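Notes follow the structure.
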Amino acid sequence: GAQVIALGQNLTLRYQYNGSSNLHLQIVDLQGKTLLNSNLGSGSGLHSFTLPLQNALAGLYVLRLYNNAVSETVKFVK
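Quick note: the sequence shown, position 71, residue 76 per the working numbering, numbers continuous.
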């Protein structure tokens, strides 16, 4: 599964992906406002990257990794 680490102004996302179709990332706040919507591509393996969150307000957020076959949701606090 996906692991989300929110520290200060950055969010680190680590995930294992073995699919062949494009994986998408979406981050929304609890009011439904989309902070990020991105295509992560289709590379298999262990992935890790850091996203800047300096413009996001403190609060609870929902991160969703999905493609046409699977979806995983992780909540995190900034």
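We put the CB at the ideal spot given by N, CA and C, even for glycine.
Since we're looking at a predicted model, the values are computed, not measured.
Contact annotation: Ala11 and Phe54 have beta-carbon atoms that are not nearer than 8 Å. Around the CB of Leu35, fewer than 16 other CB atoms lie within 10 Å, so the residue is classed as exposed. Looking at the DSSP output, Asn73 bridges to nothing.
Excluding sequence positions up to five before and after His29, its CB lies within less than 6 Å of the CB of Asn44, Tyr71, all in the same chain and listed in chain order. If you check the CB distance, Asn15 and Leu56 come in under 8 Å.
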